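Here's the structure, in structure tokens; my notes come after.
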Amino acid sequence: MLLINSFFSKKKEATKKGKNSEDGFMLLEVVIVIVITVMLMTALYQFFGFMNKKSRSQITDQVLSDSINNFFQAISKDFRTAQYVRFNNSNEIYIVNQLDQPITYTFLADSIEKNNIKIVNGITNSSIIYDPGNNRKISISLSTSNDNYTTSIVRRNPPSPDE
259 MLLINSFFSK KKEATKKGKN SEDGFMLLEV VIVIVITVML MTALYQFFGF MNKKSRSQIT
319 DQVLSDSINN FFQAISKDFR TAQYVRFNNS NEIYIVNQLD QPITYTFLAD SIEKNNIKIV
379 NGITNSSIIY DPGNNRKISI SLSTSNDNYT TSIVRRNPPS PDE
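To convert, count from 1 in the sequence shown and add 258; that's the working numbering.
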């Protein structure tokens, strides 16, 4: 029996020694895997940073486009149904609507205000084209860093005699 025990214990030790030399990773292999992982993570981080910046830029452009479209809808409604319109200068339109409420649109260098409240911010250029003798039609052009926007509006109500 002693002979069998010693045989199995020697076999067990030989198996352990064989496993120790064959199993596991060498330090060099671990370092290579870590270096490759770090390089991959760096590339992915830069890619996701670029995509995040690009999507933020697109969101900003879309917000500006939406605010310009909302401005065009508001001024179209106000100008079409106006009882009275006066162009104070090339940068300001004074409108009295059907409810006798005064509305002033002011075109600044980088924004547009309605009754002294900024409604569009981020434009680079704006122009208002109108016939001083006939306040029935205006054309408004706006430029941003990416796009140009233009609209023409015709009044439904005839101009009042004191315009």
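Backbone N, C-alpha and C define an ideal beta-carbon position, used for all residues, glycine too. Owing to the predicted nature of the structure, the values given are computational and were not obtained by experimental measurement.
Nearest by alpha-carbon distance to residue i: which of the options is it?
| i | options | result |
| --- | --- | --- |
| V354 | I290, P390 and R413 | R413 |
| Y352 | D319, N379 and I386 | I386 |
| N406 | D389, I396, K395 and S384 | S384 |
| L357 | A332, Y363, N415 and Q341 | Q341 |
| A367 | I375, N374, N379 and V296 | N379 |
Could you tell me the alpha carbon to alpha carbon distance between residue i and residue j, rounded to whole angstroms?
| i | j | result |
| --- | --- | --- |
| L298 | V288 | 15 angstroms |
| I377 | S403 | 18 angstroms |
| F283 | T300 | 25 angstroms |
| N310 | D336 | 39 angstroms |
| I375 | Q320 | 21 angstroms |
| R314 | D324 | 15 angstroms |
| I290 | Y303 | 20 angstroms |
| F306 | V293 | 20 angstroms |
| L322 | F330 | 12 angstroms |
| S296 | K312 | It is worth fixing the name first, because residue 296 is Val in this sequence and not Ser. If you take the alpha carbons of V296 and K312, they lie about 24 angstroms apart. |
Leaving out five residues on either side along the sequence, give the residues of the same chain with a beta carbon under 6 angstroms from the beta carbon of residue i.
| i | result |
| --- | --- |
| F308 | none |
| R344 | Y352 |
| F365 | N349 and S384 |
| I398 | I386 and T409 |
Starting from residue i, follow its DSSP beta bridges and name the residues at the other end.
| i | result |
| --- | --- |
| L400 | S384 and Y407 |
| K369 | Lys is not the amino acid found at residue 369; the sequence shown has Ser there. N379. |
| D389 | N392 |
Taking 8 angstroms as the cut-off, decide whether the C-beta atoms of residue i and residue j are in contact.
| i | j | result |
| --- | --- | --- |
| I361 | I370 | no |
| K395 | A332 | no |
| L400 | I326 | yes |
Excluding five sequence neighbours on each side, which residues of the same chain lie with their C-beta closer than 8 angstroms to the C-beta of residue i?
| i | result |
| --- | --- |
| S334 | T409 and I411 |
| D389 | K395 |
Spatial neighbours of residue i within its chain, please: CB distance less than 7 angstroms, with the 5 preceding and 5 following residues excluded, ordered by chain position.
| i | result |
| --- | --- |
| T339 | N355, Q356, R414 and N415 |
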